[in-house]
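Engineer:
Number of protein chains: 2
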Amino acid sequence: MAKLKKAKCAADLRARILRQELAPGCDLDEVRLAAEYGISRTPLREVFHRLAAEGFMRIEENRGAKVASMDLPVLRVFFQTAPLVYSSIARQAAENRTGIQLARLKETQLAFAKATRTGDAAQSGLLNHAFHEQIGEMAQNPYLFAALMRMLIDHTRLGQTFFAPQSPEDEARVKKAIEQHDAMISAIEGQEPSLAIDLTLQHWELSRDQLEKFVRPDPLPIDVISMKDRPRAI
Amino acid sequence: MAKLKKAKCAADLRARILRQELAPGCDLDEVRLAAEYGISRTPLREVFHRLAAEGFMRIEENRGAKVASMDLPVLRVFFQTAPLVYSSIARQAAENRTGIQLARLKETQLAFAKATRTGDAAQSGLLNHAFHEQIGEMAQNPYLFAALMRMLIDHTRLGQTFFAPQSPEDEARVKKAIEQHDAMISAIEGQEPSLAIDLTLQHWELSRDQLEKFVRPDPLPIDVISMKDRPRAI
DNA sequence: TTGACTCGCTTTGTATACATTTATTATACA
DNA sequence: TGTATAATAAATGTATACAAAGCGAGTCAA
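Here the protein sequences line up with chains B and L, keeping their order.
Reminder that position 13 of the first sequence reads as 114 in our numbering, one-by-one numbering, no gaps.
Reminder that position 101 of the second sequence reads as 202 in our numbering, one-by-one numbering, no gaps.
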């Protein structure tokens, strides 16, 4: 039981970070969290060190653990690197997937589609994360998997709003994402690497178009700024 | 001082694993190592969890930490993935390197060349590792960097013998590797991404040819097997 | 008012003692 | 002799107590 607590704590912290319930940069109180999870500081700190190495947080000497930040320079790299990593993973997943993994992926996809239908945006984000992580496992490539996991941390955090559609267009996008997942499952099941790559890149483009709105918000119209600041201008 | 001990412990464990002084799969005694590094089990265990997440070791519930193994299936993936990761990193290093990083890289290369000259194979391996890790840092890509670090763990462990030349041909190979490093530095300094990629792939091929001898030893001649087993055959 | 300093509080880091689990050995029995 | 089981030893996991470092409020002097 005690062991389960530690694993559960790690999993829950990951989820809270991915949901941005623990915001990027916010710092984590050892005693508070230890109490919250019903464990002492010792095992919690072990979890911290592990999550730090996984890229969820960083630990600063004598000043505790903080949730990994998402600075803009890195986000640029994110958009640049995602197609390479995602498509490589997709190809190898189609080549190497096992039947059991495929069955699990289908289950996740069902749960994911259901979460979007019930409008649970946070849960949708986490299940979408799980979906892509499972494809990563199928690739059986520990090297690229490490890169993928780090990409997904930022991708899921950025995409929090994706599954909370505000308009009919947003809803259509979510629906399309689900269909793309289904197509990807088919390509992986049929062991068609190049098709899996194509579908993955299409899926990425859908996601990217949405994400970029948050990463590069249109700069405020120049006159608005100047109007606002004019009174205080020298 | 106490903090330095922990960092030093982590760095030393990494080095010992890379040198195969701690062999793949061997298990790590908490009390022994804690005594060895002059710290208690608590901080050592934190280091273990961190190194586990970095891919140096794995931790099994209630049965301690073991050095990460190098199984053949994964090694196949290693050979398949290395060109992609290494060349992507090289390109981005050429694009994004800073002057300070370049200076540090040159220092490492000097130390590396010196270690090969003095015949210190273990140190050569570690400095070669540091050289490629520094190129990874230059790329400023945390996602691919995670993949690179995992590749280098296996690459350095596999290549232990590379810098302990047994023949004039081996020595020529080491010499060539050093020259390739110099050429890579030039390409990165001159910010020539495509040249950096070419040189990196050449460097990889040199390394690969040598590594494959250890990974895929020639299978026993078929008649030797049949001769040996014939007496016991049905 | 500002800047530097001290004191005390809060938080982080480490060691140690204890609980729990696994591994090993000894012993009994078939 | 081989196997199963009990007893014991060794280790891993956790909690707690204590040490050390950081942080902030308040004080005092310039």
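No residue lacks a Cβ here, since even glycine has one placed at the ideal position from N, Cα and C.
What you are looking at is a predicted structure, and each value in this text was computed from that prediction instead of being measured.
With residue 286 of chain B as the anchor, note down where its alpha helix (DSSP H) starts and where it stops.
Structural biologist: Taken as a continuous stretch (DSSP letters only), the alpha helix (DSSP H) holding residue 286 of chain B covers 269 to 290.
Engineer: I'd like to know whether the C-beta of residue 229 of chain B is nearer than 9 Å to at least one C-beta of chain L.
Structural biologist: Not one chain L Cβ lies under 9 Å of residue 229 of chain B.
Engineer: For residue 297 of chain L, tell me which candidate among L:189, L:216, L:145 has the shortest Cα-Cα distance.
Structural biologist: Looking at the Cα atoms, L:189 is the closest of the given residues.
Engineer: Alpha carbon to alpha carbon, what distance is there between residue 224 of chain B and residue 121 of chain L?
Structural biologist: Using only the alpha carbons, I get a separation of about 44 Å.
Engineer: Tell me, to the nearest whole angstrom, how far the beta carbon of residue 116 of chain L is from that of residue 249 of chain L; I am working on the premise that it is less than 8 Å.
Structural biologist: That belief does not hold up - the Cβ atoms of residue 116 of chain L and residue 249 of chain L are roughly 18 Å apart, past 8 Å.
Engineer: Taking three-plus beta-carbon pairs below 8 Å as touching, is the stretch 161 to 180 of chain B in contact with the stretch 277 to 285 of chain B?
Structural biologist: No contact exists between the stretch 161 to 180 of chain B and the stretch 277 to 285 of chain B.
Engineer: Extract the residue ranges of the alpha helix (DSSP H) inside the stretch 204 to 255 of chain L, only unbroken runs of 4 or more that lie entirely within it.
Structural biologist: Counting whole runs of 4 or more residues, the stretch 204 to 255 of chain L contains the alpha helix (DSSP H) stretches 222 to 240.
Engineer: In three-state DSSP terms, what is residue 166 of chain L?
Structural biologist: The answer is strand: DSSP assigns residue 166 of chain L an E or B state.
Engineer: Under 8 Å between beta-carbons, which chain B residues line up against residue 243 of chain L? List them in chain order, please.
Structural biologist: Those are 156, 175, 178, 251, listed as they occur along chain B.
Engineer: Would residue 151 of chain L pass as an interface residue toward chain B - the criterion being a Cβ-Cβ separation below 9 Å?
Structural biologist: Yes, because at least one Cβ of chain B sits closer than 9 Å to the Cβ of residue 151 of chain L.
Engineer: Three-state secondary structure (DSSP) at residue 198 of chain L?
Structural biologist: The answer is coil: DSSP assigns residue 198 of chain L none of H, G, I, E or B.
Engineer: Quick one: which chain L residues come within Cβ less than 7 Å of residue 147 of chain B?
Structural biologist: Within chain L, the residues near residue 147 of chain B are 146, 147, 150.
Engineer: Who are residue 128 of chain B's beta bridge partners in DSSP?
Structural biologist: Its beta-bridge partners are B:167.
Engineer: Measuring CA to CA, which of B:204, B:245, B:272 is closest to residue 232 of chain B?
Structural biologist: Out of B:204, B:245, B:272, B:204 has the C-alpha closest to the C-alpha of residue 232 of chain B.
Engineer: Tell me the DSSP secondary structure of residue 120 of chain L in three-state form.
Structural biologist: Correct three-state label for residue 120 of chain L: coil.
Engineer: Per the DSSP calculation, residue 160 of chain L is bridged to which residue(s)?
Structural biologist: Looking at the DSSP assignment, residue 160 of chain L forms a beta bridge with L:166.
Engineer: Judging by CA-CA distance, which residue of B:158, B:127, B:245 is the nearest neighbour of residue 111 of chain B?
Structural biologist: Nearest of B:158, B:127, B:245 to residue 111 of chain B, Cα basis: B:158.
Engineer: For residue 174 of chain B, does the count of other Cβ atoms within 10 angstroms reach 16, so buried, or fall short, so exposed?
Structural biologist: It is exposed - the Cβ of residue 174 of chain B has fewer than 16 other Cβ atoms within 10 Å.
Engineer: Check whether chain L comes within 9 Å of residue 135 of chain B, counting only Cβ atoms and requiring the distance to be less than that.
Structural biologist: Judged by the 9 Å Cβ criterion, residue 135 of chain B is not in contact with chain L.
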